[in-house]
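Visitor:
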Amino acid sequence: MRHLILCTFGILLSLPLWAQSNSPVILIKAGHVLDVKTGQMLNDREILVQGDRIRSMGAAGSNRDFKGTVIDLSRATVLPGLIDCHTHLFLHPGILEEQATKETATYRTLIAGVNARKTLEAGFTALRDLGNEGADFGDVSVRDAINNGFIPGPRLQVATRAIAMTGSHDDIKGYNFELHLPGFSMIADGPDEVRKAVRTQIKYGADIIKVYATGGIMTPGDEPEYSEFTEQEIRVAVEEAAHQGRKVAAHAMGPQGIKNAVRAGVASIEHGDLIDDEAIRMMAAKHVYLVPTLTAGDEILKSPNLPDFALRKMRRVADIQKTGLLKAVKAGVPIALGTDAGDFPHGQNAREFALMVDVGMTPLQALQAGTINAAELLGWSDRMGALEPGKFADIIAFEGDPLRDVHVLEHVHFVMKGGVVVKNDWAR
Ligand SMILES: [Zn+2]
1347 MRHLILCTFG ILLSLPLWAQ SNSPVILIKA GHVLDVKTGQ MLNDREILVQ
1397 GDRIRSMGAA GSNRDFKGTV IDLSRATVLP GLIDCHTHLF LHPGILEEQA
1447 TKETATYRTL IAGVNARKTL EAGFTALRDL GNEGADFGDV SVRDAINNGF
1497 IPGPRLQVAT RAIAMTGSHD DIKGYNFELH LPGFSMIADG PDEVRKAVRT
1547 QIKYGADIIK VYATGGIMTP GDEPEYSEFT EQEIRVAVEE AAHQGRKVAA
1597 HAMGPQGIKN AVRAGVASIE HGDLIDDEAI RMMAAKHVYL VPTLTAGDEI
1647 LKSPNLPDFA LRKMRRVADI QKTGLLKAVK AGVPIALGTD AGDFPHGQNA
1697 REFALMVDVG MTPLQALQAG TINAAELLGW SDRMGALEPG KFADIIAFEG
1747 DPLRDVHVLE HVHFVMKGGV VVKNDWAR
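Numbering-wise (our numbering), the sequence shown opens with residue 1347 and increments by one.
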């Protein structure tokens, strides 16, 4: 018996890689593969996909006599699936308050499913969806429907309701006291309520906790530099989330709120528009990610139909944000790509790359922000962010060289998620 097992094992090892398992195998012939870690462009590569994983990557001809499905991407450039660390699948461009008060959670969940598919087809195979803005726990349902194979979409980490203080940027303000409107976030005040909110959100399926540390742009009655949750309140959120293996993302624009959140131990600062030198030093020292969401700002400034308060606030912070971001990059603050999709149409997430380059990041830095860095922020470096054996076969392809022109990422023609082809314009 032992002899038989050893013999079988020996025969198995002598077989080529593609023949060593019963799961379906696909051979991708790639014209160019960009190694996102080094910036090196590798020509004529073969990527062997087995089941949902990458099995090997080698030079052309390394899988001789291959018998299985071959996908010819020999005229294309291939990258790992892109990752957006700040989306809102439950929002669409327009006035936030109207969506939360006039659209049912069911309607919004259905639309979020469509948005998930659009984002995947644009080459984004994983998202951190940072707050459904009042749609119950619909994002948990969208995530589960994707994971169970009912609808196509990226791999999701969801924040459910997010948590904010009474009167926060993410609370509905400006109405008669007698009116009890649904609101965007779960409102909590003081450490005990914050603790309960974190536990409740995790109970109902949150993968990540989002807190509001400052005011913001898209709701009336607050300013980006206003501090909201105290350091103590955020610290409780971080502790409680960590007990159950979750990270905390902080919406933070003003410098005081950014520092409160960094001292409290959050994993990422979202937006960071008014970041100052001290906050930059603190973030670099603690390896806290900055997720700039430049596309949202770009869109707001181009949207004549948004309320005056949003335009006024965005105009005031836009240039300051760009200067701060470049300083942060130079100081070694880790940057992860996030867009705030929902403030602009879903599926246009790749606009963020060119905006990062406009600010002064190199194309490779921008690409790393949307792949390996984003994977690290999600805690998923073991399964995505680079094309390596053992990682998910999340693979995209497009024409052109993104190191010369990152706009090419806005036209992705091929998307594979977990070894399944989601889109292939060239096969039509
Ligand atoms: Zn957002």
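No residue lacks a Cβ here, since even glycine has one placed at the ideal position from N, Cα and C.
By Cβ distance below 8 angstroms, which residues in the same chain neighbour R1661 in space, the five residues on each side in sequence not counted?
Guide: Position 315 of the sequence shown, counted from the start, is the residue given in the question as residue 1661. Here the set comprises L1647.
Visitor: Please report the Cβ distance between A1687 and T1465, rounded to the nearest whole angstrom; I am assuming they are in contact, meaning their Cβ atoms lie under 8 angstroms.
Guide: Translated into the one-based positions of the sequence shown, residue 1687 becomes position 341. Translated into the one-based positions of the sequence shown, residue 1465 becomes position 119. Correct: roughly 7 angstroms between the Cβ atoms.
Visitor: Give a yes or no on contact between the stretch 1721–1728 and the stretch 1695–1712, applying the rule of three or more CB pairs nearer than 8 angstroms.
Guide: No: the two stretches stay apart, fewer than three of their Cβ pairs being nearer than 8 angstroms.
Visitor: Anything with a beta carbon under 6 angstroms from a heavy atom of ligand 1 counts; list them all in chain order.
Guide: H1432, H1434, L1476 and D1686
Visitor: Under the rule that 16 or more other beta-carbon atoms within 10 Å means buried, what is N1368, buried or exposed?
Guide: Along the sequence shown, read from residue 1 onward, the residue named residue 1368 stands at position 22. N1368 should be labelled exposed.
Visitor: Hey, could you find the ends of the alpha helix (DSSP H) M1660 is sitting in?
Guide: One-based indexing of the sequence shown puts residue 1660 at position 314. Run containing M1660: D1654 to K1676, per the alpha helix (DSSP H) assignment.
Visitor: CB V1637 to CB A1610, shorter than 8 angstroms?
Guide: Taking the sequence shown and counting its residues from 1, the one referred to as residue 1637 is at position 291. Taking the sequence shown and counting its residues from 1, the one referred to as residue 1610 is at position 264. No, Cβ-Cβ distance for V1637 and A1610 is not below 8 angstroms.
Visitor: Just to confirm my understanding: we take T1717, look at its own chain, exclude 5 residues before and 5 after, and list those with CB closer than 6 angstroms. What are they?
Guide: Counting from one through the sequence shown, the residue named residue 1717 turns up at place 371. Once the five neighbours on either side are set aside, the close Cβ partners of T1717 are V1382, P1426 and G1731.
Visitor: Return the chain-ordered list of same chain residues with a C-beta closer than 7 angstroms to the C-beta of S1487, the five sequence neighbours on each side being excluded.
Guide: Residue numbering aside, residue 1487 sits at position 141 when the sequence shown is read from its first letter. Around S1487: T1455.
Visitor: Classify G1520 as buried or exposed, calling it buried when 16 or more other Cβ atoms lie within 10 Å of its own Cβ.
Guide: Along the sequence shown, one-based indexing puts residue 1520 at 174. By the 10 Å Cβ count, G1520 comes out exposed.
Visitor: State the CB to CB distance for the pair H1515 and R1474, rounded to an integer number of angstroms; the pair is presumed to be in contact (CB under 8 angstroms).
Guide: Within the sequence shown, the letter at position 169 stands for residue 1515. Within the sequence shown, the letter at position 128 stands for residue 1474. At roughly 19 angstroms, the Cβ-Cβ gap does not stay under 8 angstroms, so H1515 and R1474 are not in contact.
Visitor: Indicate whether the contact test is met: 3 or more Cβ pairs, each with one atom in the stretch 1763–1773 and one in the stretch 1436–1448, closer than 8 angstroms.
Guide: Short answer: they don't touch.
Visitor: Measuring straight from C-alpha to C-alpha, what distance separates K1668 and A1631?
Guide: Counting from 1 along the sequence shown, the entry for residue 1668 is found at position 322. Counting from 1 along the sequence shown, the entry for residue 1631 is found at position 285. Approximately 21 angstroms between the Cα atoms of the pair.
Visitor: Can you look up M1707 in the DSSP assignment and give me helix, strand or coil?
Guide: In the sequence shown, counting from the first residue as 1, residue 1707 sits at position 361. Reduced to three states, the DSSP call for M1707 is coil.
Visitor: In or out: L1525 buried (at least 16 other Cβ within 10 Å) or exposed?
Guide: Here residue 1525 refers to the residue found at position 179 of the sequence shown. In summary, L1525 is exposed, with fewer than 16 beta-carbon neighbours lying within 10 Å of its beta-carbon over all protein chains present.
Visitor: Under the rule that 16 or more other beta-carbon atoms within 10 Å means buried, what is N1522, buried or exposed?
Guide: Start at 1 with the first residue of the sequence shown, and residue 1522 comes out as number 176. Its Cβ having fewer than 16 others within 10 Å, N1522 is exposed.
Visitor: Compare the C-alpha of R1401 against each of T1415, V1416, G1407 and L1373 and name the closest.
Guide: Sequence index remark: in the sequence shown, residue 1401 carries index 55 (1-based). Checking every option, the nearest Cα to that of R1401 belongs to L1373.
Visitor: To the nearest angstrom, report how far apart G1618 and P1570 are at their CA atoms.
Guide: Within the sequence shown, residue 1618 is the residue found at index 272, counting from 1. Within the sequence shown, residue 1570 is the residue found at index 224, counting from 1. Rounded to whole angstroms, G1618 to P1570 spans 10 angstroms at the Cα level.
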